[in-house]
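Q: Those protein sequences? They're chains F and R, same order as listed. With the UniProt record's numbering, letter number 244 in the first sequence gets 244, and the count goes up by one each step, no holes. With the UniProt record's numbering, letter number 536 in the second sequence gets 536, and the count goes up by one each step, no holes. Structure in structure tokens, see below.
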Amino acid sequence: MDPFSGEGELLNITTAFYTHAYPAVLDFDTSALSPENKKTAQLLKYRAQIALGQASAVLSSLKSSQDAASRSIAALAQQASGDPSSALETATSLSESDPEDPIVQICTGTVLAAAGEYAQAIDLLNKHQGSLEAVALLVQIHLTQNRTDLAVKEVAAAKRWAQDSLLINLAEAWTNIREGGSEKYQSAFYVYEELASTPGTTSPTALVGQAVAELHLSRTEEAEAALQQAMESENVDVQAIANSVVLASVMGKKGDVVQGLLKQLQEKDGHHALLKDLAEKSQSFDTAAAKYSAKVAA
Amino acid sequence: MQFESKSSRAKGLAFHPKRPWILVSLHSSTIQLWDYRMGTLIDRFEEHDGPVRGIDFHKTQPLFVSGGDDYKIKVWSYQTRRCLFTLNGHLDYVRTVFFHHELPWILSASDDQTIRIWNWQNRSLICTMTGHNHYAMCAQFHPKEDLIVSASLDQSVRVWDISGLRKKHSAPTSLSFEDQMARANQQQADMFGNTDAVVKFVLEGHDRGVNWVAFHPTLPLIVSAGDDRLVKLWRMSETKAWEVDTCRGHFQNVSACLFHPHQDLILSVGEDKTIRVWDLNKRTSVQSFKRENDRFWVIAAHPEINLFAAGHDNGVMVFKLERERPAFSVYQNQLFYVTKDKHVRSYDFGKNVESPSLLSLRKFGSNWVPPRTLSYNPAERSILVTSPTDNGTYELIALPRDATGATDPTDLKRGSGNAAVFVARNRFAVFTASTQLVEIKDLSNSTTKSFKAPSGTTDITYGGPGCLLLITPTNVVLYDIQQKKQLAELAVTGVKYVSWSNDGLYAALLSKHNVTIVNKSLEQVSTLHETIRIKSATWDDSGVLLYSTLNHIKYSLLNGDNGIVRTLDQTVYLIKVKGRNVYCLDRAAKPKVLSVDPTEYRFKLALVKRNYDEMLQIIKTSSLVGQSIISYLQKKGYPEIALQFVQDPQTRFELAIECGNLEVATEMAKELDRPKIWTRLGSEALIHGNHQTVEMVYQKLRNFDKLSFLYLCTGDEEKLTRMSKIAEHRGDFVSRFQNALYLGDVESRIQMFKEIDLYPLAYLTAKTHGLTEECASILELCGLTEDQISMPEPGDGLTKPNVIVPTYKANWPVKEASHSSFEKALLGEVGAADEDAGPDLLNEDIPVATDGNGLAAEDDADVVEGWDMGDDLGIDTTGNDSDFVNVDNPDAPAEAAGPGSSEADLWARNSPLAADHVAAGSFESAMQLLNRQIGAVQFEPLKPRFLEIYQASKTYLPANTGLPPIVNYVRRTIDETDSRKLLPCIPKSLDTLATVDLQEGYAAMRTNKLESGVVTFRNILHSLLVNVVSSEAQVDEAKALIAKSMEYTLAMSIELERRQLAAAGSDSEEGLKRQLELSAYFTMPKLDVSHRQLALMAAMKLAFSQKQFSSALSFANRVLANGGASKLVEQAKKVKQQAERSGSSDKIDIEYDPFADFDVCAASYTPIYTGAQSVSCPFDGSKYHSQYKGQVCRICQVCEVGAAASGLRLWVKGL
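Below, the structure is given as structure tokens:
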């Protein structure tokens, strides 16, 4: 039985983690858990800490741990703290030494995938023994590689044994948004809407997901409302800003509005894919545009 | 004795009418609720303060009432387990409380000398009966009539009429005035005359206080018990009541008494520690029971069944008054039994007919004691009955040939003994407990021999031919009568009954909670334990024991497997099983037939006996499924049979693995498709040596190394070679090396070393294998010579392992484990199955084994098996879900998870429109398209538009922690799922531009913010330049909007130019002339009328102020021609008058002919008269003098003026 699924005592913390409600993960009271679950919960807390940008704290608390799971967490932390090369090194060695450890699979799989080593990551994650997180990672990697077919297949296979799991529902929402067609967008929307409207799980991610689904459904005003709600939260989610940029563009908002949002994004996460992408495109625009000129200068 | 509890003194008792519960109220203030069948304490209720004396269950509601020495009456719910409310009013101990059988009333008797009736629904006191002048000890409702009987220490028993009370409380709700008056008067009578409850009779006869009194359930009789140690019986008529008789016997105070609910008996208990049973008709003592130490305080009867309870100093005992088990004996199809009225009857199982009475045993034993056992002798057609009366008697009676109705026996022999049983045609055995002697007697009742039973023997029963079973409390002894010898002994405690199987091979020894099955030599076969009391047992013809407990019929196989056959409403005594019918006698000794479903035990029996045909039959004809039978089969080691019942793939897989049925396991693994499952299948198949399955599993799991090794082991060189190719595709050098080693492929190894720059190793390998040429070339590559390197002594080259047996061609011959005879029976009809199985096996194996061209054959086989997937890999569009490693076609991209093309690529592929290419990020192709369509050459101004579109194309969906968000593509075709028709969302639709943006431009014009107006209109142009529309009509709309935007941009640019001149202060005539010209040209572009008026007014005013009266006049005329706002018109009229007055001539001759039609060159802002040479912008259509050809359009700032272009495409049919 996968410890992350079902009605176990870890349900709340895993739900929080999957919906990126990291502070809730950290606040989770683990004192009443069984020793095994306590360990799992601790690992989740480390990962939440990393996701919150406290990678160095995690690194220092894991300094003395030498087991594979801790080292794989450390690899995650290294990557998050801007040391992708040593992260990759650790990950590669772990994926060879302990490929069967589920935590190793997930953490190093994440490191590898984040570093673009998709084939390696897929090889490692395919060794999973019924781990939903591994499935979710595989789905994302397949989607990243534009292998929607494989992602869909992965989800369908996982649904056979983990129908009701939140993570699988999310993964299905991912593939649905990728696949498209109003029905699939709509069903993805329902997943996020349900998440967003469930008290206790109002994570920005749920709102962002809801907004994204609505954006794909061309329901721009609703999407705007959802994003606005996400933007109002104390610690604005990066993806909320990024998608606000997208939405503002879709709605044909004035350039200065868009620029303002881009600036906000730049401050929050200078390495965001959208910014990188835009910089790249701007460059390629200039290169391409340089090939043309009027026959006669004015 | 059924049940006994230990507690403090029990003062009150009440049976639940339906459930096996008894309430006991204790002197210690506790109320206990017991399950007397299970002997468990269900609940305790402790709220009374001091002793609780009265207690009663409600007949239908989940309620009970209690009354105690705290003067309180409490009503409780045993469901919610709490006291619902308390009735206060009594001024002294409450002695008894009872519910009325239908009205919501409670009757209480108290030491305050009153008897009260309470309504428990509205919780009020409705009647107080006074009259007794000492403690009222007991008061009970009559079971049918409106009467109450009460007993008091004033030595009287009183009968009260409460019909007035009933009338009053069941009066209709709407009362007439008269009724109300009557009611009021009645109330008055209440106060003084007590008309609600009136004393009907006062019964005097006891000369001490009376403790208890009770009505007879049906007859007009009353029984009372008093401190004068007497039980008195009273009779009443409508008008009077009198004492009938007295039961004398108690030698201490009699505490309580009652009538037997069904029989003519009286029961009483007293402080002399006895329970006594009296004959109602003769008033003689029938039976008595004495406890050593405990005084009895109360007795209660179960309303339905033969159960009584008595409370004493140390608890409660629940007991039966008489033996309920009827004496019976079965011979072939006949049952002989003794009825409740002591008649012997027979019952024919074949005809299901009860005979009339054969014989009356009225005179046998005591009147109230039924015979204990009956033994039948078919040869003599006689019966032997025993009775416990007079310390045991028996009678040998010949049955009449024909049942002629109840006759007293004519020919009988009798004697004393505790047990008597026929042991042979003409012999019977009699056991006397007091002497421990067993006597064997002939039919004339004379002893032929005798022997001493083992000490402690309590009973004897039939023990097989010529044998007896002697039963002691701890042992059963098998005794041979002929040899006078003990044959066997078995330690079984508390055996009460023995039931022999129909074939006489087995016997079931029944104890209170155990069934022990023994064979005829008294060797234990199995034993089982029941928590509920075991009542009886009988055997099925096939050797299954059916036994009854208090509430179930159960079965037990010889091996002790048991289960429930059906539940029972009431206790029965099993007699015989025939098919689906179970014959039994109920507690009233009436024969009954119960139907049962024997499927389960028959199936289990067939399983034990491996009778597969029967199992098949059962499976086919009954709905025998369910988890219990499956887990039973699994537990008992029949997974292959369980497999036949299971649908759930997971369970099927487990079972298939367990019984080694790889075929089914593989099938299920495919269905389940989980790594864990495949792994298990693989290891299981490996154990079986079924390497073909192993191969498939490894392929599925992408275990490349294991797969290679498997091929090496099985000698499949072909596939090993392919594995090597796959390794190459995967870029996995270790795997390549390994495969090359397996293959003995030296060249490939060297090649690989070279590829990864391990030249020394490559050289060493080449050298070892004596490949001198290769050596030389490596050295050459490295720029070294042979003497520059030092090398270890090369060993022998690795030789390739040889295939000794071409194992890969077929699996090892595997023991045919999966086909049990059961499956055969199941798969085909019996007999046909064997024939079918033969050819099947041949078909599977022989082609592979005999075909010389093994590979071809195998490939075919693979195709048939459905996991050859040469066509699917990489493309994988067919939805074929086979995702095995493709060994047979290694040249297909082995990395199935290689990246695919993104949706953005699709967009670019799907659309010829520039905007779609922009959204797809394919700026270069978009620029090419625009260049071709509209001669776009200067893209810089379009950059914001390009980026705007691009920005709107992708969303960022947060997914897994630690990974960047998933990028998805925003479509305008949201309903589309066909990948060839997907198109991106393009912001700023035509509609938006034509409404929002255009209005913004108009506003800028109106408010004279021309700078921003130019920007707005140019933005509209740019937005339309890179855009899409959804219909042909929209294309025209778009073109109109482009033209309009061009005109406004031009107009505004002209005016801005003029303002610039004015601001520069060029007051020279030249400058002024140009200003005037420009202001005139400003009126030329095709603006909306209201906006043109603004231009005209501006031009008019300027001209007028510069005394260009001719021009001013013409502008004024145009303003007036356009009409519109009166203010403008007024001004124009004035200017017109003034100009006309001033001579209508221009001071400066400007290049403006108000009567000619011309376009304004967008570059030079000079007129282009009709017919003159001009060029235009291919996008917005702005006109230029031909010298501007090749320059960038001033309006859109993007396109080349006069460029050859195909025209802007915003829409494609069918997209």
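Backbone N, C-alpha and C define an ideal beta-carbon position, used for all residues, glycine too.
Please identify the residue among R:K1147, R:H1022, R:R932 whose C-alpha is closest to the C-alpha of L1076 (chain R).
A: Looking from the CA of L1076 (chain R), the closest CA among R:K1147, R:H1022, R:R932 belongs to R:K1147.
Q: Let's test the definition: count the other Cβ atoms within 10 Å of the Cβ of S387 (chain R) and tell me whether it reaches 16, buried, or not, exposed.
A: buried
Q: Check for me: the beta strand (DSSP E) holding C467 (chain R) runs from which residue to which?
A: 467-471
Q: Mind checking which residues open and close the beta strand (DSSP E) that includes R680 (chain R)?
A: Per DSSP, R680 (chain R) belongs to no beta strand (DSSP E); it is in the alpha helix (DSSP H), 675-688.
Q: On the DSSP bridge list, what partners appear for A310 (chain R)?
A: Per DSSP, R:I299, R:M317.
Q: If T1049 (chain R) sits next to R1018 (chain R), beta carbons under 8 angstroms apart, how far is it from one beta carbon to the other, in whole angstroms?
A: 6 angstroms
Q: Which chain R residues are close to F285 (chain F), counting only those with a beta carbon under 8 angstroms from its beta carbon?
A: F923, F939, K943, F946, L947
Q: What in chain F is Cβ-close to Y950 (chain R), meaning under 7 angstroms?
A: Within chain F, the residues near Y950 (chain R) are K281.
Q: With distance defined between alpha-carbon atoms, name the residue in R:A606, R:E755, R:G579, R:E614 nearest to D597 (chain R).
A: R:G579
Q: Under a Cβ-count criterion, where at least 16 other Cβ atoms within 10 Å of its own Cβ denotes burial, should K253 (chain F) be classed as buried or exposed?
A: Classification for K253 (chain F): buried.
Q: Which residues in chain F sit within 8 angstroms of A967 (chain R), going by Cβ to Cβ distance?
A: Note that residue 967 (chain R) corresponds to Val in the displayed sequence, not to Ala. Under the 8 angstroms cutoff, chain F gives T144, A273.
Q: Just to confirm the assignment, what range does the beta strand (DSSP E) spanning W242 (chain R) have?
A: 241-248
Q: For L519 (chain R), I'd like the list of residues in its chain whose CB is within less than 7 angstroms of its CB, leaving aside the five on either flank, ordered along the chain.
A: First, the residue type needs correcting, since residue 519 (chain R) is Asn and not Leu in the sequence shown. Here the set comprises L505, Y506, V525.
Q: Counting pairs of beta carbons, one from the region 78-95 of chain F and one from the region 19-30 of chain F, are three or more of them closer than 8 angstroms?
A: no
Q: Return yes when the Cβ of L487 (chain R) is within less than 8 angstroms of the Cβ of N475 (chain R), no when it is not.
A: Contact: no.
Q: Within the same chain, show all residues whose beta-carbon is closer than 7 angstroms to that of S450 (chain R), passing over the 5 residues directly before and after it, in chain order.
A: Excluding sequence neighbours, S450 (chain R) sits near L437, V438, E439, I440.
Q: So D975 (chain R) contacts chain F; which residues on that side make the cut at Cβ distance below 7 angstroms?
A: G181, S182, listed in chain order.
Q: Below 7 angstroms between beta carbons is the criterion; list the residues of the region 203-234 of chain F that meet it against any residue of chain R, in chain order.
A: T205, V208, G209, V212, L215, H216, L217, S218
Q: Grab me the residues of E835 (chain R)'s own chain with a C-beta within less than 7 angstroms of its C-beta, minus the 5 sequence neighbours each way, in chain order.
A: In this prediction, E835 (chain R) scores a pLDDT of 39, lower than 50, which makes its location untrustworthy; no coordinate-derived value is stated.
Q: Should V202 (chain R) go down as buried or exposed, given a rule of 16 or more other Cβ atoms within 10 Å for buried?
A: Exposed.
Q: Given this structure, state the Cα-to-Cα distance separating P901 (chain R) from I949 (chain R), to the nearest angstrom.
A: Before going further, note that residue 901 (chain R) is Ser rather than Pro in the sequence given. Cα to Cα, the separation comes out at about 20 angstroms.
Q: Going by DSSP in three states, V582 (chain R) sits in which element: helix, strand or coil?
A: strand
Q: Could you run through the region 68-79 of chain F and flag, in chain order, every residue whose CB is less than 8 angstroms away from some CB of chain R?
A: L76, Q79
Q: Can you pull the chain F neighbours of L963 (chain R), defined as C-beta to C-beta under 9 angstroms?
A: T110, A113, A114, L137, Q140, I141, T144
Q: So for K535 (chain R), helix, strand or coil by DSSP?
A: strand
Q: So, with DSSP's three-state summary, where would you put S366 (chain R)?
A: coil
Q: Please state the DSSP three-state secondary structure of A920 (chain R).
A: coil
Q: For the ligand GDP, I want to know if T205 (chain F) counts as a neighbour, meaning its beta carbon is within less than 7 angstroms of at least one of the ligand's heavy atoms.
A: Judged by which ligands are present, the structure shown has none, so any question about the ligand GDP falls away.
Q: Please report whether the beta-carbon of S293 (chain F) lies at a distance below 8 angstroms from any beta-carbon of chain R.
A: yes
Q: Could you spell out where the alpha helix (DSSP H) holding A240 (chain F) opens and where it closes?
A: Taken as a continuous stretch (DSSP letters only), the alpha helix (DSSP H) holding A240 (chain F) covers 238-250.
Q: Kindly indicate the opening and closing residues of the beta strand (DSSP E) around P204 (chain F).
A: Segment 204-216 is the alpha helix (DSSP H) holding P204 (chain F); no beta strand (DSSP E) there.
Q: Quick check: what's the CA-CA separation for A51 (chain F) versus N690 (chain R)?
A: 48 angstroms
Q: Compare the C-beta of E895 (chain R) with all C-beta atoms of chain F and state if any pair is closer than 8 angstroms.
A: Note on E895 (chain R): pLDDT 42, under 50, position unreliable in the model; no value is reported.
Q: Does the Cβ-Cβ distance between L132 (chain F) and A158 (chain F) come in under 8 angstroms?
A: yes
Q: By the three-class DSSP mapping on this structure, what secondary structure does W76 (chain R) have?
A: strand
Q: May I ask you to list, following chain order, the residues of the region 983-1002 of chain R that have a beta carbon less than 7 angstroms from some beta carbon of chain F?
A: C985, P987, K988, T992
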